[in-house]
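Undergrad: Can you keep this structure in mind? I'll have questions shortly.
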Amino acid sequence: MMSTSIIILGIRVAQLFFALIVMSLTAYVAHWYNVDTMTTSPSQINWLLAVSLFTIVSVLYLELTPRFLPRFSNPLVAIGLETGNAIFYFSGFVALSVFMSRLLFCRGSVCHSAQAAIAFGAIEFLLWTGSAILMGKELAKSGVLNFRRRGAKGPLKVPEMKESQAA
Numbered sequence: 150m151m152s153t154s155i156i157i158l159g160i161r162v163a164q165l166f167f168a169l170i171v172m173s174l175t176a177y178v179a180h181w182y183n184v185d186t187m188t189t190s191p192s193q194i195n196w197l198l199a200v201s202l203f204t205i206v207s208v209l210y211l212e213l214t215p216r217f218l219p220r221f222s223n224p225l226v227a228i229g230l231e232t233g234n235a236i237f238y239f240s241g242f243v244a245l246s247v248f249m250s251r252l253l254f255c256r257g258s259v260c261h262s263a264q265a266a267i268a269f270g271a272i273e274f275l276l277w278t279g280s281a282i283l284m285g286k287e288l289a290k291s292g293v294l295n296f297r298r299r300g301a302k303g304p305l306k307v308p309e310m311k312e313s314q315a316a
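Heads up: the sequence shown begins at 150 in this note's numbering, then just goes up one per residue.
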């Protein structure tokens, strides 16, 4: 079986690659709205653009901080970034797909770019969800996510149930 760190590294490369794709697609659509139309770009496009930038910063933190600045690395921040990115991509691709479904017409390269951004946003959601699950499993094994009282050993002790007096 492959090491979890190799799997995570492969997922991180894919997350970074797809974030660059989502960023370029949404930037193209936002540019078209801002230059060729009389309206500003939709907030759904802007959200996916911002999330892709947040992903780049997140991947850099998640991969470089434990290696070069371990003092600033925190596993709870890491799992927060993992789940945050998953939630952000989920909300982004769902919001953009709802926006696109309500358009009266959708033609040309701008429309196809927005549709591709939806698809790659969904892929990013799956990648971040998978890496969050793997990170959660690793943290649970290491005891970081242990919510028991300190010093408690074995299973939690539950008081015995007693029968009540019949009336």
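Yeah, the Cβ is synthetic: ideal placement off N, Cα and C, and Gly gets one too.
Using only the alpha-carbon positions, how far apart do Arg-256 and Arg-216 sit?
TA: 46 Å
Undergrad: Nearest CA to the CA of Val-162: which residue from Ile-194, Ala-265, Gln-193 and Leu-276?
TA: Nearest C-alpha to Val-162: Leu-276.
Undergrad: Could you tell me the alpha carbon to alpha carbon distance between Met-187 and Phe-203, rounded to whole angstroms?
TA: 28 Å
Undergrad: Using the Cβ count rule (16 or more neighbours within 10 Å means buried), how would you classify Gly-292?
TA: exposed
Undergrad: Beta carbon of Gln-193, beta carbon of Glu-273: below 8 Å?
TA: Not a contact, by the Cβ cut-off of 8 Å.
Undergrad: Going by beta carbon distance, what residues of the same chain come within less than 6 Å of Thr-106, once the five residues before and after it are set aside?
TA: This structure does not reach residue 106, given that the chain is present from 150 up to 316, and the question cannot be answered.
Undergrad: Taking the C-alpha atoms as reference points, what is the distance between Phe-96 and Leu-253?
TA: There is no way to answer for residue 96, as the model of the chain reaches only from 150 to 316.
Undergrad: Ignore the nearest five residues each way along the sequence and tell me which others in Leu-218's own chain have a CB closer than 8 Å to its CB.
TA: none
Undergrad: Using the rule of at least 16 other Cβ atoms within 10 Å of the residue's Cβ for burial, across every protein chain shown, is Val-206 buried or exposed?
TA: exposed
Undergrad: Looking at the structure shown, is Ser-222 part of a helix, part of a strand, or coil, going by DSSP?
TA: coil
Undergrad: What's the C-alpha gap between Ala-168 and Ser-201?
TA: Those two C-alpha atoms are separated by around 5 Å.
Undergrad: If you check the beta carbons only, do Pro-224 and Leu-283 fall under 8 Å apart?
TA: Leu-283 is positioned such that its CB atom lies no closer than 8 Å to that of Pro-224.
Undergrad: Beta-carbon within less than 8 Å of Ala-179's beta-carbon, same chain only, minus the 5 sequence neighbours each way: which residues are those?
TA: Ser-190, Ile-194, Asn-195 and Leu-198
Undergrad: Rounded C-beta distance between Ser-262 and Tyr-210? I'm assuming under 8 Å.
TA: With 8 Å as the limit, Ser-262 and Tyr-210 do not qualify as a contact, their Cβ atoms being about 29 Å apart.
Undergrad: If you compare alpha carbons, which of Ser-250, Gly-279, Ser-240 and Thr-153 is closest to Gly-270?
TA: When C-alpha distances from Gly-270 are compared across Ser-250, Gly-279, Ser-240 and Thr-153, the shortest belongs to Ser-240.
Undergrad: Are the C-beta atoms of Met-310 and some chain D residue less than 8 Å apart?
TA: Here chain D cannot be found, since the structure has a single protein chain.
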